[in-house]
Structure formats: C-alpha cells, structure tokens
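Residue numbers (mature numbering (1 follows the signal peptide of the UniProt record, and there is no 0)): -28 to -1, 1 to 99.
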C-alpha cells in the first residue's frame, strides 16, 4: 500500500511539473530569442563572406535550416504558432541578408514592425 502511495505521489508531482512548464514564454523572452536569432544570422553572413558566397535569401535560408533553432513557445502547452515560427525565421534570414538586426514586432499590433533606430547623425541640408 505504501509503495502505491509513493508512486501515485510521484506521478502527481510529475504531472504538476509538466503543467507548470506548459505556459507560453513571456514577450521579453521571445524578443530576446529574436535578438539571438538575428545575431546568429549576422554571424552566418560572416561565414558566407569568408566562403566568398553571396548572403542572398537562398543561402541564408540554408543556414536557417542547418541551425534547427528551438524557439520558445508562444502558446499554451509548449506549442509554437506558425506566425511565431515565421517571425523567428524572418529575424534570422533577413539579418543574415542585411547584416543588421531585424526590428522587433510592435507589441500593440498597430505596426507590423517597429522602426529601426537611427544610430548615426542625420546629415543636415546645406543652406
């Protein structure tokens, strides 16, 4: 009887742990992952240049397939939506193609992408 109780407690504990782990990743976690994928895309671009290969969409897509990234979930039950998978792939491939990180999606949903911040001074028109 005692061994059944211990076994049942173990099963219940495992189920509870699994249920806790089924929450979707936070927005901040997903955006951090997009940054990581963009950085890996830029890194792959460097490797392509070292091989004297143009970092076009086809070459960067091959790099994406080789990476086989495990994105954090965006839905209940540790699932990843097609939209989220597409955003992760886009972050990698476009960053590979351009050498710059892709702007993140707007959390309000108003814009598809947030604007890229200007990192250098804007030239002033001559009078």
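Glycine included, C-beta positions come from ideal geometry on N, C-alpha and C. Treat the numbers as computed from the prediction; the structure is a model and nothing was measured.
The three-state reading of DSSP puts residue 47 in strand, counting E and B together. Of the other Cβ atoms in all chains shown, fewer than 16 fall within 10 Å of the Cβ of residue 4; this residue is therefore exposed. Taking the CA atoms as reference points, residue 55 sits about 28 Å from residue 18.
Between the alpha carbons of residue -5 and residue 22 lies a gap of roughly 38 Å. Around the beta carbon of residue 68, 16 or more other beta carbons sit within 10 angstroms, so the residue counts as buried. Per the coordinates, the alpha-carbon of residue 27 lies some 6 Å from the alpha-carbon of residue 20.
For the set 46, 50, 62, the Cα lying nearest the Cα of residue 35 is the one of 62.
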